[in-house]
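Below is one structure, written out as C-alpha cells, with a few remarks after it.
There are 2 protein chains.
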Amino acid sequence: MRRILLIEQKIESGFDFGKKLNDLGYEICIVNDAFQALVHLESQLFDLVLVDLAIPKMDSFWLLVARKCHTPVITLANTNDVLEKLNAFEMGADDYLSKPFNIRELQLRMNVIKRRGKLTENAIRQTIIEFDDTEYSLTCSGHKITLTNTEYRLFKYLYERQGEVVTKEELQQRVLHKKLGKFDRNLDMHISNTRKKLADRNLSRDLINTVRGQGYSFNF
Amino acid sequence: MRRILLIEQKIESGFDFGKKLNDLGYEICIVNDAFQALVHLESQLFDLVLVDLAIPKMDSFWLLVARKCHTPVITLANTNDVLEKLNAFEMGADDYLSKPFNIRELQLRMNVIKRRGKLTENAIRQTIIEFDDTEYSLTCSGHKITLTNTEYRLFKYLYERQGEVVTKEELQQRVLHKKLGKFDRNLDMHISNTRKKLADRNLSRDLINTVRGQGYSFNF
DNA sequence: CCACAAATGATAACGATTTGCATTTAGATT
DNA sequence: AATCTAAATGCAAATCGTTATCATTTGTGG
C-alpha cells in the first residue's frame, strides 16, 4: 500500500494530514473535487482512495470511478453520525472513519482492506499491539516490552507495514537515517535484540520475519 | 548550480527532459507531487526548483517550502498565457518559461538567477559550507570537520534554516525522533560537542547560536 | 548430496548518545 | 546594582548503537 489519493474539500487541512502520511512512507496526492479525482484515478494507479464526506455532491460518482479502477475507498466524516456511516457503506465504501482519528487507526483499517483484498475476507486480527511512543514500550496480549528508541521505531515501522516485506535500504534510510553500507549489520543487530526481548516475554520472535535477500516483514 | 528538483505531473515526460539536463551535467531529481517535493526539499539541498504549472492546486504550497529552503524556483507552463505568467511571479517564482522551450534558454535563465543569487549571497554571507552526507563531514572556509551522524544531521538541519530559530521540540522530533522531556539535555550535549569540534578547527562556535528559552539558530 | 557463496545470527568491543548532577549564565525583580 | 530564578552548560557515568568477527543457516550449481 503506497500511493494514496486524498480527496479533501479544504486543501489546506489536507496538507498536514497528508504530510503525516507522507512521513510514514506513503505517497500522497491531494485533490479537492470529484473531477480532479476522476482525472487522477484514470491516469495513475492508486492503492487507496480517502474521501472526505464533506465533498459536496458527486457522493457516489468518484466511488464508481474508484470501483472501476479496483481501488479501495475509505470515507472520512466530520461527524459521528450513524446515518452518514450507513450511507457510506451503502455507497460502497470499504470502510469508514470519523474525524478526528488516529493515523494508526487509519493504518490498521488500510491493512485490513489490503488483506481482505488479497486473502478474500479472512479472519479479523485479534492480536493487537499497543504502542507507547513516550517510553518506547509495546503491549501485546498482556505482555509489555520496553525497547530502545531505535528498536521501537524499527518495530513500529515494520508493524505499520504488516504483511509487506520492507527492504533494509528503506529501514536504514527512513529509520536509521543513514545509507546502507555493503557489510552493514546494524539493522540485523537491532532486529536480533528486539527478537530476544520478544522471546524473553514469551512472545514469538517470528513476529519479525526475515526474508532472505530482501528485508524483514512483520507478521502475526 | 548542480542539483535540480523537477516537479512534473507526468513523471514520464519529466524523464527525457530530466535526461537532457542530466547530460548537461546537472543532477536531477524528479517528483510528481507537492508532498514528495516537500520531503525532498526538506531532506536535501537543491540549487533550483523547476515546477510544471500543470501540477494541480498546491500552486503556492511548494513555493512556500522552496522559499523556506532558500531555493530559487522557475515555473514551467504549457501555454503562453500572460495571465499564467503574471500569476507565477505573483506566487513568488524567480522566473518563468513556457513549454516547449529550448534547454539553452533554461540554462540562460538559470545563470541569471544564479548570478542574482550569488550577488545577494555575497552581500549576506561569503562563507559557504559543503556537506558530505556519506561521512558526516563538512568543509567551511578550508576547514574540514567530521561529526557524528546525529551531530551532522542536527547541524545540517539548523544550516538549512539559517537565520530562523529552530525550537528544541522541533529538533528533538525531526532529528532525534523522540519527544522533548522536561529535563532533556541531549540536544544541548550534541550542540556543545559540535561547537567544541568547530572551535578545534578555528571556526566560530557561534555558528550555532543559542536563543535562550526558544532554541538554536544557525548564523554566519 | 556436497561444496561453496551469500545472507543472517550472535557475542563482544568500541564509539556515540543520553542521563543525572553540579555549575554557570542571562534575564527578571527588587 | 544585588538578588533570584529558570535556562543553559560541563562533565562523568550509564545506556544504547555500531562495527568487527566468527558461527550458522540458506540457497545454488555441480
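Just so you know, the sequences run in chain order W and S.
Numbering-wise (numbering that gives the first Met the number 0), the first sequence opens with residue 0 and increments by one.
Numbering-wise (numbering that gives the first Met the number 0), the second sequence opens with residue 0 and increments by one.
In this text, a Cβ means the ideal position worked out from N, Cα and C, and glycines have one as well.
Keep in mind it's a predicted model, so treat the numbers as computed, not measured.
Do we get a CB-CB distance below 8 Å when we pair residue i with the residues of chain S?
| i | result |
| --- | --- |
| residue 152 (chain W) | yes |
| residue 148 (chain W) | yes |
Considering just the uninterrupted stretch of the beta strand (DSSP E) at residue i, what are its terminal residues?
| i | result |
| --- | --- |
| residue 133 (chain W) | Looking at the DSSP string, residue 133 (chain W) is not in any beta strand (DSSP E), and its letter there is neither H nor E. |
| residue 215 (chain S) | 214-217 |
| residue 190 (chain W) | Taken as a continuous stretch (DSSP letters only), residue 190 (chain W) belongs to no beta strand (DSSP E), being part of the alpha helix (DSSP H) at 185-199. |
| residue 143 (chain S) | 142-145 |
Can you find a CB in chain W that lies within less than 8 Å of the CB of residue i?
| i | result |
| --- | --- |
| residue 192 (chain S) | no |
| residue 222 (chain S) | The structure shown has nothing for residue 222 (chain S), since chain S only spans 0 to 219. |
| residue 133 (chain S) | yes |
| residue 218 (chain S) | no |
| residue 201 (chain S) | no |
| residue 185 (chain S) | no |
| residue 167 (chain S) | no |
Kindly indicate the opening and closing residues of the alpha helix (DSSP H) around residue i.
| i | result |
| --- | --- |
| residue 150 (chain S) | 148-158 |
| residue 179 (chain S) | Premise fails: residue 179 (chain S) is in no alpha helix (DSSP H) and is neither H nor E. |
Just mark residue i as buried or exposed, buried being the case when its beta carbon has 16 or more other beta carbons within 10 Å.
| i | result |
| --- | --- |
| residue 150 (chain W) | buried |
| residue 51 (chain W) | buried |
| residue 122 (chain S) | Legend: pLDDT at residue 122 (chain S) = 39, less than 50; position of this residue unreliable, value from coordinates given subsequently. It is exposed - the Cβ of residue 122 (chain S) has fewer than 16 other Cβ atoms within 10 Å. |
| residue 141 (chain S) | exposed |
| residue 188 (chain W) | exposed |
| residue 48 (chain W) | buried |
| residue 144 (chain S) | buried |
| residue 172 (chain S) | exposed |
| residue 211 (chain W) | exposed |
| residue 213 (chain W) | exposed |
| residue 222 (chain W) | Since the first residue of chain W shown is 0 and the last is 219, residue 222 (chain W) is not available in this structure. |
| residue 220 (chain S) | Summary: the structure shown does not reach residue 220 (chain S), with chain S confined to residues 0 through 219, and so no result is reported for it. |
| residue 102 (chain W) | exposed |
| residue 133 (chain S) | exposed |
| residue 152 (chain S) | buried |
| residue 217 (chain W) | buried |
| residue 147 (chain S) | exposed |
| residue 7 (chain W) | buried |
| residue 160 (chain W) | buried |
| residue 45 (chain W) | buried |
| residue 182 (chain W) | exposed |
| residue 26 (chain W) | buried |
| residue 221 (chain W) | Missing from the structure shown is residue 221 (chain W); chain W here goes from 0 to 219 and no further. |
| residue 155 (chain W) | buried |
| residue 21 (chain W) | buried |
On the three-state DSSP scale, how would you describe residue i?
| i | result |
| --- | --- |
| residue 92 (chain W) | coil |
| residue 4 (chain W) | strand |
| residue 208 (chain W) | strand |
| residue 127 (chain S) | coil |
| residue 163 (chain S) | coil |
| residue 47 (chain S) | strand |
| residue 75 (chain S) | strand |
| residue 170 (chain S) | helix |
| residue 52 (chain S) | coil |
| residue 20 (chain W) | helix |
| residue 137 (chain W) | strand |
| residue 118 (chain W) | Below a pLDDT of 50, predicted positions are generally treated as unreliable, and residue 118 (chain W), at 38, falls in that range; the measurement from the model is reported next regardless. In this structure, residue 118 (chain W) counts as helix in the three-state DSSP scheme. |
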